[in-house]
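Per the working numbering, the sequence shown starts with residue 135, numbered consecutively.
Input: a single structure, listed below in structure tokens.
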Amino acid sequence: FVDAMVRNFGGEVFVDAMVRNVIIENGRAVGVRVTNTSVLRESGETDDVPVTEIRAKNIVCATSIYNLYGKLLPQNMAVVKKFHDPSQRTVRQSHGH
């Protein structure tokens, strides 16, 4: 259902893809680098698997805020550093995560 809606609005839906990181330019997300998870399972090594760069006008994030700030965004960004500082963080981790 969601994939059909995205495609109806001209978007693309990728499955079997693990996001390695979000591409940030001028403070804005402009794309992602992904790895095909089938190839990743076959090789067992993350360094040898080809990475595909996908750029788009709009990037939708469907992961937890902890995964986004902890793994996917560049760790040198001011907003990421602020997130990692417990005294400045406004979001608290729930028991379910």
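We put the beta carbon where it would ideally sit given N, CA and C, even for glycine.
All of these numbers come straight from a predicted model, not from anything done at the bench.
{"Item": "Nearest-angstrom Cα separation, counted from arginine 167 out to arginine 223", "Value": "27 angstroms"}
{"Item": "Reduced DSSP secondary structure (H/G/I, E/B, other) of threonine 171", "Value": "helix"}
{"Item": "Expected contact under 8 angstroms - CB spacing of leucine 206 and asparagine 155 to nearest Å", "Value": "5 angstroms"}
{"Item": "Rounded C-alpha distance that separates asparagine 192 from lysine 216", "Value": "24 angstroms"}
{"Item": "Exposure label - tyrosine 203; buried when at least 16 CB within 10 Å", "Value": "buried"}
{"Item": "Valine 251, buried or exposed, once every other Cβ within 10 Å from all chains shown has been counted against 16", "Value": "With the chain covering only 135 through 231, there is no way to say anything about residue 251."}
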